[in-house]
Each structure stands twice: as structure tokens, then as C-alpha cells.
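One structure below.
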Amino acid sequence: MSTTDGLSVLEQRGSTAETFGIPLAVLLEVTHRCPLQCPYCSNPVELDRASTELATEEWKKVLTELAEIGVLQIHFSGGEPTARKDLVELVKHASDVGLYTNLITSAVLLSRAKLGELADAGLNHVQISFQGNEPIIADRVAGLKDSHRKKLEVARWTRELDLPLTVNAVMHRQNLHQLTDIVQMAVDLDADRLEVANVQYYGWALKNRAALMPTLSQIEETSRIVEEAQARLKGILTIDYVVPDYYALRPKKCMGGWGRQFFNISPSGKVLPCHAAESITGLEFESVRSNHSIAWIWQNSEAFNRYRGTGWMQEPCKSCEFREIDFGGCRCQAFALSGDAGNTDPACALSPLHETIFKQAEREATEGGDRFIYRNFAGGTPEAGGDHGA
Amino acid sequence: MAGARHITVSETSRPILARHAKLKFDETRQVWVILAPERVLAPDETAVEVLRLCDGVRDVAAVIDELAAKYAAPREAILTDVVAMLQDLADKGFLTEVREKAS
Chain A
281 MSTTDGLSVL EQRGSTAETF GIPLAVLLEV THRCPLQCPY CSNPVELDRA
331 STELATEEWK KVLTELAEIG VLQIHFSGGE PTARKDLVEL VKHASDVGLY
381 TNLITSAVLL SRAKLGELAD AGLNHVQISF QGNEPIIADR VAGLKDSHRK
431 KLEVARWTRE LDLPLTVNAV MHRQNLHQLT DIVQMAVDLD ADRLEVANVQ
481 YYGWALKNRA ALMPTLSQIE ETSRIVEEAQ ARLKGILTID YVVPDYYALR
531 PKKCMGGWGR QFFNISPSGK VLPCHAAESI TGLEFESVRS NHSIAWIWQN
581 SEAFNRYRGT GWMQEPCKSC EFREIDFGGC RCQAFALSGD AGNTDPACAL
631 SPLHETIFKQ AEREATEGGD RFIYRNFAGG TPEAGGDHGA
Chain B
123 MAGARHITVS ETSRPILARH AKLKFDETRQ VWVILAPERV LAPDETAVEV
173 LRLCDGVRDV AAVIDELAAK YAAPREAILT DVVAMLQDLA DKGFLTEVRE
223 KAS
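Residue numbers (this note's numbering), protein chains in the order written: chain A, 281 to 670; chain B, 123 to 225.
Here it is in C-alpha cells:
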């Protein structure tokens with residue numbers, strides 16, 4: 281008798297990579313509006329305006345359709361998903377159609393009453409992002425005063441309501457020294473899970489790379505801290521670790537491979553292979569507002585098929601023994617750093633660009649200024665004051 | 123207060139799936155799954171049967187008694203398998219335990 285990783289088993293049951301069965305989990309970015317201005321935001325630099333967002337009934341129709349075609353989990357994300365006034369209604373609908381629901385939130389807009397309503401609506405899990413373990417750095421990174429205190433408060437309410445909690449800590453050069461304290465903060469908050477997520481450098485984070493890129497010694501120290509904590513807190517706190525791929529030799533298997541295991545839906549209803557996919561120019565993405573079903577878009581649309589599998593690959597990927605291990609890394613990163621999404625991800629040591637980019641990252645980590653460009657609808661605003669200047 | 127953390131499974135534990143872990147039959151793929159944040163597990167048939175008995179009321183001994191009676195199998199063999207499977211789930215953070223509240 282056993283319980284194994286579901287993906288491998290389910291892939292042999294009509295959810296295979298070969299037939300591109302419907303993903304188990306889908307990320308819904310219900311809005312791009314957000315009170316925070318984190319310089320590493322994973323949203324595209326060109327944000328969807330409120331006026332273009334799907335209406336309540338449109339999201340409900342999407343949820344029903346996703347459940348019908350075999351999706352099991354929904355991540356309500358953003359922007360800040362609680363900026364939508366209809367979130368409770370959407371969570372309720374998702375639960376009613378049998379979906380497992382996860383709220384990915386900055387928490388700062390939540391009242392205790394609202395959180396209670398979400399719990400009553402059937403919410404299964406809450407994930408709160410933290411920018412540090414104390415307000416000075418955390419509020420500065422978030423670009424919002426008093427945000428850290430508010431997050432702690434909402435995290436406590438989450439556990440008081442007996443909702444499971446994941447602490448998501450986004451790590452970079454300016455807060456990695458707090459990691460040990462962040463692990464303890466997650467334990468003290470009675471979290472079930474901690475995500476130690478090093479910043480991935482696309483979109484807003486790429487604009488801010490010089491201010492965020494960790495040094496190699498910081499990364500080595502981080503891995504040591506995570507491994508020690510994973511062993512010490514086994515059965516108490518699950519710790520998932522996302523490594524920054526600039527310092528790796530092998531690229532990450534981004535999204536489990538393009539169009540293989542994952543899609544997300546943008547605020548305006550575009551069905552995307554990855555939340556950064558719109559950064560790749562020249563790709564057209566279908567919308568849930570089109571005449572096509574979501575299943576059709578997943579299986580047949582040009583954007584999903586362009587980099588699916590291995591047929592699109594050029595050398596060195598094409599003949600590489602790892603081509604079905606990592607699927608050439610990340611398409612968005614390949615596009616951002618090489619200008620062609622069909623190139624090998626420069627995070628891979630086999631990419632001709634790897635050495636140059638690795639050197640550049642190392643240089644930025646030691647010589648880059650600490651000043652941020654904050655994320656907003658205006659295309660970004662430089663951090664005020666001279667304290668963190670280059 | 124929520125369920126206790128870091129449990130050691132024994133015959134006297136009364137395990138139950140953690141709130142964030144949902145056991146569900148997936149109609150599309152015709153398999154049982156355990157849903158949890160960022161993870162999906164596929165328990166085999168026997169594991170499903172055990173988990174459906176783990177309701178936080180029965181202790182592990184009772185679960186094993188039921189299985190031993192149902193399958194007319196030696197209790198010792200079942201005990202080893204069941205405890206190992208449940209401990210593995212507990213270590214992954216999917217299983218919790220009902221304990222008396224310390225007032």
C-alpha cells in the first residue's frame with residue numbers, strides 16, 4: 281500500500297504528456313490590481329486594467345468549465361485577488377462545483393470578517409506572501425506602510441479559523457540574511473508550509489535585477505539553511521525551495537514543460553502557458569471570451585503548441601540528453617535574455633550565453649545599487665530618496 | 123487550536139487527514155486523489171480504504187482490526203504496512219491527530 285506523487289500516476293491515466301491531458305491545477309489571476317508594489321511582481325509589465333477584467337458571471341462559467349474538464353485545484357491569485365468584491369462568491373462557486381481552492385494573497389486588504397466569509401464559502405487553504413521578517417525591510421519591499429504588521433495579523437486569524445496556512449517568502453539579495461528568522465516566523469505562525477522562493481527574473485524582477493540579485497555566497501548559505509530546517513522541522517513545517525536558476529548549471533523544468541502540466545488565466549480571460557508568457561512578443565493567446573472552449577485552447581491553440589514537447593527545439597537542446605528532463609528551461613527567460621523564445625534558456629550551462637549572463641549576475645550582485653523600481657500601472661516608479669541609491 | 127504537529131503513528135493514535143488534504147474521487151481520471159496545496163497524491167486502493175477509516179475517532183488498532191477481519195489476514199502484517207503508510211503521510215504533513223484538548 282502506498283501513496284505516491286499523483287502526477288506520475290495520473291499522467292498514465294488520461295492525463296499524459298503525450299495527449300496533453302488537462303492540468304490538475306489552474307492559476308486564476310482574477311485581477312492585476314494590488315495595493316503592494318513589489319519590485320519582483322510576477323505580473324506582466326503591461327498590466328490588465330480593471331475595466332478589462334472578467335465579470336463575476338464570466339469567472340463562474342470558467343470555474344464550472346474547469347471542473348467539468350477535470351481540473352482539481354484552483355489557485356485564486358492576482359494582483360491581489362481580495363481586491364475583487366466578488367471573491368467570496370467565486371470561492372463559493374468553485375467549492376460548489378467540487379474544486380479545491382487556494383487563496384494566494386498579500387493579505388493586507390483582508391478583515392477578519394471577510395476571511396471568515398471565505399472560510400465559510402469553502403476555502404481550503406491560504407497562502408500569504410511575506411517580504412521579510414520585520415517591518416523595515418518588508419514594508420520597503422512591498423512599497424506599503426504597515427503591510428508587515430497587517431500580514432502577521434491576518435496569518436494569525438487564518439490559523440484561528442483553522443484554515444491551513446502557507447507562508448510564501450520571496451527571497452533576494454536584500455532580505456536573504458533574514459531567512460533563518462523567516463523560518464522561525466513561519467513556525468511561530470503555526471504555518472503548515474513555507475515556500476522559500478528565490479526571485480525569478482522576468483518582467484518586473486528583470487527591471488530590478490541589479491537591486492535583487494543575490495551573491496553566490498548568499499545562495500550557498502541559503503541552501504544550507506533550508507536543508508538544515510527541512511531536516512529539523514520534518515512533520516512540523518513543510519519547506520519548499522525554489523532555487524534561483526542564474527547560479528545553476530541545469531535550467532529549471534519551467535512550468536513542468538510548456539503546455540504540459542499548467543495554464544493560467546489572466547484578469548481579462550487570456551489562457552496562458554505561464555503567467556509571464558505575455559512577455560513573449562509575437563505569440564497570440566486565446567481568450568475564454570472567444571468561441572473556443574478552454575479544453576480546445578489548451579489542446580489546439582497556436583501559443584500552447586508552439587513550444588510544446590521537443591519538436592520546436594534547436595541545438596543545443598535538440599540533441600541534448602536532458603531535453604525531456606527540463607524541456608530547454610524557461611521560454612520567457614530565453615526570450616528576455618536572448619531575444620528568441622526558441623533558444624536554450626541561458627540558465628543552462630550549455631547555452632552559448634550562459635557564461636556572459638552568469639558573470640553579469642555576479643557583477644550586479646556585488647556592484648548593483650539597492651534602489652527599487654516599484655511595480656504599478658504607470659509602468660514603474662523609482663524608489664524615492666538617496667539611501668538606497670546606486 | 124489546530125491538530126497537533128509532528129505525530130508519531132502508533133496503534134493508539136487517532137489519525138485524520140489534515141484540513142488542507144482532501145481525499146476525493148477524480149471522475150475524469152477514475153482514480154482517488156489526495157489534494158493539498160501545490161501537490162496531488164495518488165493513494166492506491168488499500169491506502170484509500172485505510173484513509174477512509176481514519177476519521178479521528180477510530181484509533182489505528184481499530185482500523186487494523188477491521189481490515190484484519192475483512193481480509194482474514196494476519197494482524198501483524200497489516201499493522202506494519204498501515205503504520206508505515208500513515209507515518210509517511212504524517213511526515214509529509216498530510217495527516218494530523220486528534221488529541222484531548224489541554225483545557
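From the three backbone atoms N, C-alpha and C, an ideal C-beta is built for every residue, glycine too.
All values reported here derive from a predicted model rather than from experimental measurement.
CB-CB length for residue i against residue j, believed under 8 Å
{"i": "A:T344", "j": "A:V388", "result": "A:T344 to A:V388, Cβ: 30 Å. No contact."}
{"i": "A:V476", "j": "A:A449", "result": "6 Å"}
{"i": "A:L486", "j": "A:A616", "result": "6 Å"}
{"i": "A:G681", "j": "A:M593", "result": "Only positions 281 to 670 of chain A appear in the structure, and residue 681 of chain A is not among them; the question remains open."}
{"i": "A:M451", "j": "A:T495", "result": "Incorrect: roughly 13 Å between the Cβ atoms, too far for contact."}
{"i": "B:D177", "j": "A:G515", "result": "Between A:G515 and B:D177 the Cβ distance is about 21 Å, and since that is not below 8 Å, they are no contact."}
{"i": "A:L630", "j": "A:T636", "result": "14 Å between Cβ atoms; not a contact."}
Same chain, Cβ closer than 6 Å to residue i, five either side skipped, listed in chain order
{"i": "A:D419", "result": "K425, S427, H428"}
{"i": "A:L262", "result": "The structure shown does not extend to residue 262 of chain A, since chain A is modelled only from 281 through 670, so no value can be given for it."}
{"i": "B:R180", "result": "none"}
{"i": "A:A614", "result": "A621, N623, D625"}
{"i": "A:S573", "result": "none"}
{"i": "A:L379", "result": "A347, I354"}
Three-state secondary structure (DSSP) of residue i
{"i": "A:Q353", "result": "strand"}
{"i": "A:A305", "result": "strand"}
{"i": "A:P553", "result": "coil"}
{"i": "A:S567", "result": "strand"}
{"i": "A:V522", "result": "strand"}
{"i": "B:P165", "result": "strand"}
{"i": "A:C572", "result": "The identity of residue 572 of chain A in the sequence shown is His, whereas the question assumes Cys. It is coil, neither helix nor strand."}
{"i": "B:G125", "result": "Confidence at B:G125 is low in this model, with a pLDDT of 45, below 50, so its placement is unreliable and the value that follows should be read with caution. If DSSP states are grouped into helix, strand and coil, B:G125 belongs with coil."}
{"i": "A:Y717", "result": "In the structure as shown, chain A begins at 281 and stops at 670. Residue 717 of chain A is therefore absent and cannot be evaluated."}
{"i": "A:D620", "result": "coil"}
{"i": "A:N382", "result": "strand"}
{"i": "A:L661", "result": "The sequence as given places Thr at residue 661 of chain A; Leu does not occur at that position. Strand."}
{"i": "A:H405", "result": "strand"}
{"i": "A:R473", "result": "strand"}
{"i": "A:A670", "result": "Interpretation of A:A670 is limited by its pLDDT of 42, a score under 50 that renders its predicted location unreliable; the figure taken from the coordinates is listed afterwards. Correct three-state label for A:A670: coil."}
Sequence-distant residues of the same chain with beta carbon closer than 7 Å to residue i, five excluded per side
{"i": "A:N413", "result": "Q458, D461, I462, M465"}
{"i": "A:G669", "result": "Residue placement at A:G669 cannot be trusted, given a pLDDT of 45 that sits under 50; the coordinates are not used to answer."}
{"i": "A:F543", "result": "P303, V306, V551, L552, P553, W578"}
{"i": "A:Y654", "result": "Q317, P319, G423, G660, T661, E663"}
{"i": "A:C628", "result": "R530, P531, G609, H634"}
{"i": "A:A509", "result": "V463, I519"}
{"i": "B:M123", "result": "Confidence is the limiting factor: at B:M123 the pLDDT is only 36, short of 50, which leaves the residue's position unreliable and the question unanswerable from this model."}
Residue i - partner residues in DSSP beta bridges
{"i": "B:P137", "result": "B:E219"}
{"i": "A:M451", "result": "A:N478"}
{"i": "A:F410", "result": "A:A449"}
{"i": "B:A158", "result": "B:R161"}
{"i": "A:K533", "result": "DSSP, once it has assigned bridges, lists no residue as partnering A:K533."}
{"i": "B:D148", "result": "B:V153"}
{"i": "A:N544", "result": "A:L307, A:L552"}
Contacts around residue i, its chain only, beta-carbon distance under 8 Å, and the 5 residues preceding and following it disregarded
{"i": "B:D148", "result": "W154, V155"}
{"i": "B:P196", "result": "A190"}
{"i": "A:I417", "result": "Q411, Q454, N455, Q458"}
{"i": "A:L441", "result": "L395, G396, A399"}
{"i": "A:L517", "result": "V463, A466, V467, A471, D472, R473, L474, A509"}
{"i": "A:V342", "result": "L308, L334, I545, G549, V568, I574"}
Straight-line gap, residue i to residue j (C-alpha atoms, nearest Å)
{"i": "A:F652", "j": "B:E133", "result": "56 Å"}
{"i": "A:N478", "j": "B:V185", "result": "43 Å"}
{"i": "A:L390", "j": "A:N382", "result": "15 Å"}
{"i": "A:E309", "j": "A:I354", "result": "10 Å"}
{"i": "A:N656", "j": "A:P361", "result": "16 Å"}
{"i": "A:E582", "j": "A:W576", "result": "11 Å"}
{"i": "A:P671", "j": "A:A471", "result": "Any property of residue 671 of chain A remains undetermined from this structure, which presents chain A solely from 281 to 670."}
{"i": "B:K144", "j": "A:T590", "result": "35 Å"}
{"i": "A:G539", "j": "A:R588", "result": "6 Å"}
{"i": "A:A528", "j": "A:G536", "result": "17 Å"}
{"i": "B:L139", "j": "B:L173", "result": "8 Å"}
{"i": "A:G619", "j": "A:F584", "result": "19 Å"}
{"i": "B:E228", "j": "A:K533", "result": "This structure gives no information on residue 228 of chain B, because the portion of chain B shown stretches from 123 to 225."}
{"i": "A:P698", "j": "B:I200", "result": "Shown here, chain A extends from 281 to 670; a query on residue 698 of chain A therefore has no answer."}
{"i": "B:E210", "j": "A:R329", "result": "Looking at the sequence itself, residue 210 of chain B is Asp, so the reference to Glu does not match. One C-alpha to the other measures close to 46 Å."}
{"i": "A:I545", "j": "A:A658", "result": "23 Å"}
{"i": "A:C321", "j": "A:C314", "result": "10 Å"}
{"i": "B:P165", "j": "A:A511", "result": "25 Å"}
{"i": "A:K340", "j": "A:A435", "result": "27 Å"}
{"i": "A:I560", "j": "A:Q640", "result": "22 Å"}
{"i": "B:V182", "j": "B:H142", "result": "21 Å"}
{"i": "A:M493", "j": "A:K430", "result": "27 Å"}
{"i": "A:G301", "j": "B:A194", "result": "40 Å"}
Check: residue i C-beta below 7 Å from any heavy atom of the ligand COA
{"i": "A:E566", "result": "You won't find the ligand COA in this model; it holds no ligand whatsoever."}
Using a Cβ-Cβ cut-off of less than 8 Å, give me the residues of the region 168-189 of chain B that come near chain D, in sequence order. The structure shown contains no chain D; the protein chains it does contain are A and B.
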